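**Q** My questions will all concern the structure given below.
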Amino acid sequence: MKLAILGAGAVGRSVADLAGDYGHEVVALADSSSAAVDPDGIDIDNCLERKSGGTAVGTADPDAVFETDYDVLVEATPTTLGDAEPGFSHVKRALEDDRHVVLANKGPVAECYEDLRALEAESAGSVRFEATVGGAIPVLS
C-alpha cells in the first residue's frame, strides 16, 4: 500500500519509520512548509534525518502530496479545534480524489463529523480515525 503522510511530528515520523515493517511504501511525507514526494518511494531515513536536523523534509511544496499516486492519506497534522484546518481540507481533498484516509488529527472528527461522513458517502474512499480517540485502545473497527 502506498502511503502519503501529512504531518512530520511525532505521529507522522513514527508512521513513516514503521511503514516498511508492515509492507507499506511511503511515497510522500510533508510538514507545514515542504514535502518529499517520490512515486517510487521516498528515502525515509534521509527525510527524518533532515527533519531532526531542523531543515525541510524535502524540496517540494506540501500540496505536491496530492499530486502523487497514493492509496491512503495519513493525516497527522496538529489538531486545530474551531475550524479543524488544515486537516479537514486535507481529508476533503483526498476523499474527492476517492482516496482512503487515516486520521490521527482530532479536529476534523470533533468539529466536522457530519461533513466528514457526507464526504465519505460520496467517495470511493473511506475514513478511519481510531488514533483520534485513544491510539492504544483499538475498539472502533
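So for the sequence shown, our numbering puts the first residue at 9; every next one is plus one. No residue lacks a Cβ here, since even glycine has one placed at the ideal position from N, Cα and C. Note that the coordinates shown come from a computational prediction; the quantities given were computed from them, not determined experimentally.
Beta carbon of G7, beta carbon of E119: below 8 Å?
**A** Nothing can be reported for residue 7: it is not among the residues displayed for the chain, which extend from 9 to 149.
**Q** Can you say whether A126 is buried or exposed, counting buried as having 16 or more other CB atoms within 10 angstroms of its CB?
**A** Exposed is the call here.
**Q** When DSSP builds the beta bridges, which residues end up paired with L14?
**A** Paired residue(s): A38, E83.
**Q** Going by DSSP, which residues form a beta bridge with R136?
**A** R136 pairs with V110.
**Q** Can you tell me whether E83 is buried or exposed? The criterion is at least 16 other CB atoms within 10 Å of its CB, across all chains shown.
**A** By the 10 Å Cβ count, E83 comes out buried.
**Q** Starting from V73, follow the alpha helix (DSSP H) in both directions and report where the run begins and ends.
**A** Segment: none, V73 is in no alpha helix (DSSP H) and carries neither H nor E.
**Q** For the putative contact between G106 and G66, defined by C-beta atoms under 8 Å, what is the C-beta separation to the nearest angstrom?
**A** Reading off the sequence, residue 106 comes out as Asp, not Gly. 25 Å between Cβ atoms; not a contact.
**Q** From which residue to which residue does the beta strand (DSSP E) around V99 run?
**A** Per DSSP, V99 belongs to no beta strand (DSSP E); it is in the alpha helix (DSSP H), 95-104.
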